[in-house]
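These notes concern the structure reproduced below.
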Amino acid sequence: MIRKAVFPAAGFGTRFLPATKASPKEMLPLVDKPLIQHGVDEAKASGIKDMIIVTGRGKNAIEDHFDVSFELEATLRKKGNDALLSVVREVTDDADFFYVRQNLPLGLGHAVLRAMDLVGREPFAVILSDDVIDAPVPVLRQMIDAYGKHGAGAVLAIQRVPREAVSRYGIIQGRRVARGVYEVTDMVEKPAPGKAPSDLAIIGRYILPPSIFRTLQATKPGAGGEIQLTDAIRSLIGRERVIGLVFDGKRYDAGTKLGFQMANIAFSLKDPEIGQGLRAFLKKEKLT
Ligand code: G1P
Numbered sequence: 001m002i003r004k005a006v007f008p009a010a011g012f013g014t015r016f017l018p019a020t021k022a023s024p025k026e027m028l029p030l031v032d033k034p035l036i037q038h039g040v041d042e043a044k045a046s047g048i049k050d051m052i053i054v055t056g057r058g059k060n061a062i063e064d065h066f067d068v069s070f071e072l073e074a075t076l077r078k079k080g081n082d083a084l085l086s087v088v089r090e091v092t093d094d095a096d097f098f099y100v101r102q103n104l105p106l107g108l109g110h111a112v113l114r115a116m117d118l119v120g121r122e123p124f125a126v127i128l129s130d131d132v133i134d135a136p137v138p139v140l141r142q143m144i145d146a147y148g149k150h151g152a153g154a155v156l157a158i159q160r161v162p163r164e165a166v167s168r169y170g171i172i173q174g175r176r177v178a179r180g181v182y183e184v185t186d187m188v189e190k191p192a193p194g195k196a197p198s199d200l201a202i203i204g205r206y207i208l209p210p211s212i213f214r215t216l217q218a219t220k221p222g223a224g225g226e227i228q229l230t231d232a233i234r235s236l237i238g239r240e241r242v243i244g245l246v247f248d249g250k251r252y253d254a255g256t257k258l259g260f261q262m263a264n265i266a267f268s269l270k271d272p273e274i275g276q277g278l279r280a281f282l283k284k285e286k287l288t
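The opening position of the sequence shown corresponds to residue 1 in this note's numbering, with each subsequent residue numbered one higher.
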C-alpha cells in the first residue's frame, strides 16, 4: 500500500562539525551502519521498496553507499569472505534508490516538495534518519498498520516529551480515539513552552497523501523562516483524517551529539559482536 519513502538528507549537519565538514552527517555510523541505512532498513522491513533521497552538495557518499561496489564484492568473493559479502550486499538488496537535489536550504517542507515528481500520485512515507528508533516492530510498519485500520489520510509518529522540550518539535493537539491513537485537530511547529497545545511531539516518521504537495507549494515560510512540513500537514486537517500514533519503541535524537552517543552506546551494548566487551570495559573502568 505504501511503496515509497522520502529521506530528507540535504542538511549541513552543523551540530557535528568538524566531523561533517566533508562527510554527510547521514553517513555517521551507528555501531557499523550509517544513520541513513538504519532508516532505509526500517523502510525495507516495513515493506517499502523505493527509497527517494533528497540530497545536496557534498552528499555523494550517500549515493556511493547505496550502490553496488563491484571491486569490493569481487575482492571479498576472491577471499571467500561470504559473511562480509552478504553484509555489503544487504545494503542495496530489495530496494531501488532515487535521488533529487534540494539546492536551497529552505526547510523540511521544501525538501519533501522536491520529491514530488518521484513520488507521483500515491501516498508515501517520510523518514528523518536523525530520529533513530529501536522498536520491536519497525515504527513505519506500526504506522502503515494504523493507516489502514483507522482509514487515515496521514499518520504522524508521536511521543510525549518533557514540557521544557516542546520548542524543539512539531506539537499536536488531538483527541484520543483509541489506545495510543489521536485524531489531530491542530498542530504547531516549535512552539514556546507556554504556547504548546500538548506535550505530544512529532517524531521523524510520517505517512502522507499526495495532496500534501499542493499544500506544500502554497506554504509560506514559518518557524525559523523555513517552509515547514508541520504547517503543510496542518492545512490538510479537515480535508484528510490526520492521526498521531504513539509508537512502541525507544527513540534517540541522533541529530544531537548527546543523543547520537546515547544511541551508539545503547546499540553497541545490544550488539552480539561488541556488546559484552563494551559492558566489561565500562565496568572495569568504573564508567557506569
Ligand atoms: C523536524 C520537524 C519537527 C519534528 C522533528 C522531529 O524538526 O520539523 O516537527 O518534531 O523534526 O525530529 P527538526 O528536527 O528538523 O528541527
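We treat Cβ as the ideally placed atom computed from N, Cα and C, and that holds for glycine.
Note that the coordinates shown come from a computational prediction; the quantities given were computed from them, not determined experimentally.
Per the DSSP calculation, residue i is bridged to which residue(s)?
{"i": "Glu189", "result": "Gly170"}
{"i": "Ile202", "result": "Ile158"}
{"i": "Tyr252", "result": "Val132"}
{"i": "Val246", "result": "Ile158"}
{"i": "Ile127", "result": "Arg205"}
{"i": "Thr20", "result": "Answer by DSSP bridge pairing: none, since Thr20 is not bridged."}
{"i": "Val181", "result": "Ala178, Leu245"}
{"i": "Lys33", "result": "Leu30"}
Helix, strand or coil for residue i? Go by DSSP, reduced to three states.
{"i": "Asp50", "result": "strand"}
{"i": "Gly259", "result": "helix"}
{"i": "Val6", "result": "strand"}
{"i": "Lys78", "result": "helix"}
{"i": "Arg114", "result": "coil"}
{"i": "Thr219", "result": "coil"}
{"i": "Ile237", "result": "strand"}
{"i": "Phe66", "result": "coil"}
{"i": "Leu282", "result": "helix"}
{"i": "Asp145", "result": "helix"}
{"i": "Val40", "result": "helix"}
For residue i, collect the residues of the same chain with a Cβ closer than 6 Å to its Cβ; drop the 5 residues on either side in sequence, then sort them by chain order.
{"i": "Gly109", "result": "Leu216, Thr219, Ile227, Gln228, Leu229, Ala232"}
{"i": "Tyr182", "result": "Gly174, Arg176, Gly244"}
{"i": "Ile133", "result": "Val139, Gly249, Arg251"}
Cα separation between residue i and residue j?
{"i": "Ile207", "j": "Ala83", "result": "35 Å"}
{"i": "Asn103", "j": "Ile265", "result": "34 Å"}
Among residues of its own chain, excluding the 5 on either side of residue i, which ones have a beta-carbon nearer than 8 Å to its beta-carbon?
{"i": "Pro193", "result": "Arg163, Glu164, Val166, Ser167"}
{"i": "Leu106", "result": "Pro221, Glu226, Ile227"}
{"i": "Asp117", "result": "Val100"}
Compute the minimum distance between the beta carbon of residue i and the heavy atoms of ligand 2, and state whether it is under 6 Å.
{"i": "Glu183", "result": "Absence of ligand 2 from the depicted structure is noted, with ligand 1 being the only ligands included."}
Please list, in chain order, all residues of the same chain as residue i whose beta carbon is under 7 Å from its beta carbon, the five residues on each side excluded.
{"i": "Gly39", "result": "Phe7, Ile127, Ser129"}
{"i": "Ala95", "result": "Val40, Lys44, Lys49, Met51"}
{"i": "Phe213", "result": "Leu113, Met116"}
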